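**Student:** Residue numbers for the sequence shown follow this note's numbering, so the first one is 20 and each next one is one higher.
Quick reminder that beta carbons are idealized off the backbone N, C-alpha and C, glycines included.
Computed from a prediction, not measured in an experiment: that's the story for all the values here.
Have a look at this one before I ask anything.
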Amino acid sequence: MKIAFIGLGNMGGPMAANLVAAGHKVIGFDLTAPPPEGVGQATTAAAAAQEAEVVITMLPNGQILREVAKEVIPAMQEDAVLCDCSTVDVDSAKAVAAMAADRGLGSLDAPVSGGVGGATNGTLTFMVGGDDKSFEIVKPLFDVMGQKAVHCGEAGAGQSAKICNNMILGVTMIATCEAFALADKLGLDREKMFDVVSTSSGQSWSMNTYCPAPGVGPQSPADNDYKPGFAAELMLKDLRLSQQAAESADADTPMGKLASALYAAFVEAEGGKGRDFSAMLPRFEKRSRS
Ligand code: NAD
């Protein structure tokens, strides 16, 4: 396939490289990041898009996505599909889908889970919103870049699934960290704590797979001085998106709201920026009840 790839950063770069390795022709555009080997370089986003059958975007936020979509959609071929893999707010995902539909183009919102490791190894999970026809066209590319693609529903459904998942992740990571800090103060050995909880009803991905306590459980960023992994500021971004969506859908999400406030304090005032999101554990270790 002829593919345009716009946004070649930490995630987009390796995703584009995997498409090239699978035999696709990829033309890329990024404001700063150089294209990986084998990816052609266009001088504008519109120039990258004009001959592509599928235009993939992997950008920092919804505002930038809207700007890029405004530039790219008029330049696209008539039967081409726009597929956004960034994590953005549900309203921007729907607005971009509407822009594409106005030109008679198919589009998908297809955010990912799996981080830079998943992007590099081609093991991402895609959560996809949009029409069936576009999903079928892009599915072979999802199969190259990832291990699973779930078609969640209409436009916006992929972003909805992503932020609900990450709201659960943020909340369970905080609960796991505060429970470890409590266990410490109660004199409980961390290994015993892990042994019990990881096989009891308190288990979760945060505890079992990504344990925030160094030296306990499988290898995780805690074992590498909390170098990300999944940076605390990216967790904050996703929690804020969950609260923006909860506002617009009038959903009561008290735990999501509190998790968002705790990660905001951690990132903006407590040195959490640039650290893994599981570094909430040393934060709780230092604190007392008052
Ligand atoms: P990044 O900052 O490394 O890459 C974004 C790229 O977009 C940059 O290279 C930037 O130059 C480029 N860009 C910005 N504006 C542009 C424009 N107008 N035209 C062309 N290029 C432009 O970020 P990333 O880590 O690759 O994340 C990309 C998206 O994936 C984000 O929405 C993020 O939330 C999501 N995501 C990231 C991870 C992760 O672990 N890094 C995991 C899941 C999802």
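Taking Glu56 and Ala99 to be in contact with their CB atoms under 8 Å, please state how far apart those CB atoms are, rounded to whole angstroms.
**Tutor:** Not quite, the Cβ-Cβ distance comes to about 25 Å (not below 8 Å), so this is no contact.
**Student:** In the structure shown, what three-state DSSP assignment does Ser309 receive?
**Tutor:** Coil, per DSSP.
**Student:** How would you write the range of the alpha helix (DSSP H) that Ile156 sits in, first residue to last?
**Tutor:** Residues 151-164.
**Student:** Please tell me whether, using a cut-off of 8 Å, the distance from the CB of Gly148 to the nearest non-hydrogen atom of the ligand NAD is below it.
**Tutor:** No, since every heavy atom of the ligand NAD falls outside the 8 Å radius drawn around the Cβ of Gly148.
**Student:** Comparing the CB of Leu127 with every heavy atom of the ligand NAD, is any distance shorter than 8 Å?
**Tutor:** No, the Cβ of Leu127 stays beyond 8 Å of every heavy atom of the ligand NAD.
**Student:** Please confirm whether any heavy atom of the ligand NAD lies closer than 8 Å to the CB of Met118.
**Tutor:** The answer is no for Met118.
**Student:** Considering only the beta carbon of each residue, do Cys183 and Ser111 sit closer than 9 Å?
**Tutor:** The answer is no: Cβ separation not under 9 Å.
**Student:** So, with DSSP's three-state summary, where would you put Phe24?
**Tutor:** Reduced to three states, the DSSP call for Phe24 is strand.
**Student:** Out of Gly31, Pro273, Ala250, Val58, point me to the one whose CA is closest to Ala44's CA.
**Tutor:** According to the sequence provided, residue 44 is Lys. The question's Ala does not apply to it. For the residues Gly31, Pro273, Ala250, Val58, the minimum Cα distance to Lys44 belongs to Val58.
**Student:** Is Ser217 near the ligand NAD, judged by its Cβ being under 8 Å from some heavy atom?
**Tutor:** Result no, Cβ not under 8 Å from the ligand NAD.
**Student:** Between Thr228 and Pro237, is the Cβ-Cβ spacing less than 9 Å?
**Tutor:** Yes, Cβ-Cβ distance for Thr228 and Pro237 is below 9 Å.
**Student:** How long is the line joining the alpha carbons of Pro301 and Lys246, rounded to whole angstroms?
**Tutor:** Cα to Cα, the separation comes out at about 13 Å.
**Student:** In this structure, how does DSSP classify Ser132 when only helix, strand and coil are distinguished?
**Tutor:** In this structure, Ser132 counts as strand in the three-state DSSP scheme.
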